[in-house]
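Asker: Numbering (my numbering), first residue to last: 66 to 293.
This is the structure I want to talk about, given as structure tokens.
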């Protein structure tokens, strides 16, 4: 699809992902997605091989990711949405080449002015163990969390064995130029775990303390083990 708008739509109890976006120049607004069953993998919105996407002013109650920006996605803004029960939160990934088709790159993504409740994860970047690629230019800003265990979580070792991923390689997706700013509502739980030299130019401001390994800040120095 190209140069189109999806708007004023309600989706209830989809058996799988609710909205999948590919293409360019796409706006999504005034969407209400609700899942009242226990069905898994009911992501609210997923982008895949998409460029120039604006998702805003919508509400999601699902059993997986609220919004997942998957590989091949660039220049995406997610603004002023509510995730009212989305356990896997606001995700980059998983980025999983060669385990999934498409270029293993994601760049220039902004999540801002978002409320998320009842999530295991809040702001999440997940790349698959053994994959290669690049995640760059990611910003999470003004995210308000309620009852969320992991407010900020970054992992290069994600592996969905239930989905058939083998995840037996030794590579790591590079993650760089990342900002987490004003992630509030919980007091602890940030987890950033990277292989040495693969997560660089991270800026954390106004986020809960936690544990950081293998990540460097904007000055090139390692972030404190407490992340803040």
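The C-beta atom is built at its ideal place from N, Cα and C for all residues, glycine as well.
Tell me the DSSP secondary structure of residue 83 in three-state form.
Answerer: Coil.
Asker: From the DSSP output, read off the bridge partner residues of residue 281.
Answerer: Residue 281 pairs with 287.
Asker: Could you have a look at residue 221 and say whether DSSP puts it in helix, strand or coil?
Answerer: If DSSP states are grouped into helix, strand and coil, residue 221 belongs with the strands.
Asker: Are at least three pairs of beta-carbons, each pair with one atom in the stretch 130-141 and one in the stretch 204-217, less than 8 Å apart?
Answerer: Cβ pair count under 8 Å is below three, so no.
Asker: So, for residue 75: in the same chain, excluding its five sequence neighbours on each side, which residues have a beta-carbon less than 7 Å away from its beta-carbon?
Answerer: Correct list, in chain order: 97.
Asker: Alpha carbon to alpha carbon, how far is residue 274 from residue 140?
Answerer: For residue 274 and residue 140, the distance between alpha carbons rounds to 29 Å.
Asker: State yes or no: is the C-beta of residue 211 within less than 8 Å of the C-beta of residue 172?
Answerer: Result no, Cβ atoms of residue 211 and residue 172 do not sit closer than 8 Å.
Asker: Would residue 114 and residue 152 be called neighbours here (beta carbons separated by less than 8 Å)?
Answerer: For residue 114 and residue 152, no; Cβs fall outside 8 Å.
Asker: Could you say which of 272, 178, 105, 241 lies nearest to residue 254 if we only look at CA atoms?
Answerer: Looking at the Cα atoms, 272 is the closest of the given residues.
Asker: Can you find the residues in the same chain that come closer than 6 Å, C-beta to C-beta, to residue 191, ignoring five residues on each side of it along the sequence?
Answerer: Here the set comprises 158, 159, 220, 223.
Asker: Using CA coordinates, which residue listed in 121, 107, 81 is at the minimum distance from residue 72?
Answerer: With distances taken between Cα atoms, residue 72 lies closest to 121.
Asker: From the DSSP output, in three-state form, read off residue 196 for me.
Answerer: Correct three-state label for residue 196: coil.
Asker: Going by C-alpha distance, which of 92, 150, 86 is nearest residue 102?
Answerer: Nearest C-alpha to residue 102: 150.
Asker: Is it the case that the Cβ atoms of residue 240 and residue 292 are separated by a distance below 8 Å?
Answerer: Against a cut-off of 8 Å, the Cβ pair of residue 292 and residue 240 comes out as no contact.
Asker: May I ask which residues mark the beginning and end of the beta strand (DSSP E) holding residue 122?
Answerer: Unbroken run through residue 122: none, as it is neither H nor E.
Asker: Report the rounded CA-to-CA distance for residue 288 versus residue 170, giving the unit in angstroms.
Answerer: Each residue's Cα considered, the two are about 24 Å apart.
Asker: Is the beta carbon of residue 261 sitting closer than 8 Å to the one on residue 246?
Answerer: No, they are not a contact pair.
Asker: Who does residue 264 pair with in a DSSP beta bridge?
Answerer: Paired residue(s): 240, 280.
Asker: Check for me: the beta strand (DSSP E) holding residue 108 runs from which residue to which?
Answerer: Run containing residue 108: none; DSSP gives neither H nor E here.
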